[in-house]
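Below: one structure, written as structure tokens.
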Amino acid sequence: MFEHQPTARWTAVEGFLSDVVVRPDHSLKRAITTALEAGMPPIEVAPNAGKLLKLLVQLSGARRVLEIGTLAGFSTIWMAQGLPADGRLLTCEYLAKHADVARANVDAAGLGHLVEIRFGAALETLQALADEGVEPFDFVFIDADKANNPQYLDWAIRLGRPGTAVVMDNVVWEGAVLDPAMDAVNAPGIISALHMLGEDPRLDGTVIQTVGSKGWDGFALARVL
Ligand code: SAH
Ligand code: DHB
Ligand code: MG
Numbered sequence: 155m156f157e158h159q160p161t162a163r164w165t166a167v168e169g170f171l172s173d174v175v176v177r178p179d180h181s182l183k184r185a186i187t188t189a190l191e192a193g194m195p196p197i198e199v200a201p202n203a204g205k206l207l208k209l210l211v212q213l214s215g216a217r218r219v220l221e222i223g224t225l226a227g228f229s230t231i232w233m234a235q236g237l238p239a240d241g242r243l244l245t246c247e248y249l250a251k252h253a254d255v256a257r258a259n260v261d262a263a264g265l266g267h268l269v270e271i272r273f274g275a276a277l278e279t280l281q282a283l284a285d286e287g288v289e290p291f292d293f294v295f296i297d298a299d300k301a302n303n304p305q306y307l308d309w310a311i312r313l314g315r316p317g318t319a320v321v322m323d324n325v326v327w328e329g330a331v332l333d334p335a336m337d338a339v340n341a342p343g344i345i346s347a348l349h350m351l352g353e354d355p356r357l358d359g360t361v362i363q364t365v366g367s368k369g370w371d372g373f374a375l376a377r378v379l
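Each position in the sequence shown, counted from 1, maps to that position plus 154 in this note's numbering.
And the structure:
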């Protein structure tokens, strides 16, 4: 009956849920509009997913959050809003424009003192963090170039500790996980990371499929063992 335009209906329901339940604040709405004005791609997490990230940060009691892939800081702001006053969030971004827009959005949200944006290729930043001997992260959100997902998952373990929570976005990719030819750039990394999640003795995890304004996708939630 509704199969003609499922994404339109998924998006309408998401809007309803966002207005009634999620209720993003002005700073989160600003992050969306400034990104659009700057011509950035609208690939931030959906509002209900952002709220889930905040709740997971709070429920896990995380004090130190690592994010890989900042964009305009939408997910950054959600997670930082879940941090205690002495919390820290470090986020990795390799496009200067994105990092600049995100900095302004995070500052406008009153969260600038909690958030460090590290400019550069994430794999180099992660190596640098290890070299610096940073304190382990309690919560890691992986949401950058999907080809590197297995490496990012490995870094989440190495920079985490037993009990660290890991969320990895975009792990269904419109079903391309069953048909990698749909996206030869991104699908292989997504699939390899899922096999790693299932097989690596350092991880225990699951995947939730999602629909909404971002189409058909999903996120993985894992615990470092
Ligand atoms: N987490 C954001 C969305 C991130 S989109 C949110 O939900 O609001 C992915 C971001 O990762 C983009 O800004 C892109 O520029 C950045 N990115 C892609 N490859 C990267 C890399 N190798 N290192 C660092 N950042 C990267
Ligand atoms: C893309 C990246 C994302 O992180 C996302 O959630 C959706 C799309 C992309 O690169 O197209
Ligand atoms: Mg994503």
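From the three backbone atoms N, C-alpha and C, an ideal C-beta is built for every residue, glycine too.
Taking the CA atoms as reference points, LEU351 sits about 15 Å from ALA301.
DSSP places MET233 in the helix class (H, G or I) of the three-state scheme.
Taking 7 Å as the cut-off, the Cβ atoms of GLY369 and GLN363 do not count as close. Here THR161 has GLY369 as same chain residues with Cβ atoms under 7 Å from its own Cβ, once five neighbours each way along the sequence are excluded. Excluding residues up to 5 positions away in sequence, ALA226, VAL255, ALA258, ASN259 lie with their Cβ nearer than 8 Å to the Cβ of THR188 in the same chain.
Ranked by Cα distance from THR230, the first of SER214, GLY215, HIS252 is HIS252. Under the 10 Å beta carbon count, LYS208 is surrounded by 16 or more other beta carbons and is classified as buried. For GLN363, DSSP records a beta bridge to GLY372. Here THR161 is not bridged, per DSSP, to any residue.
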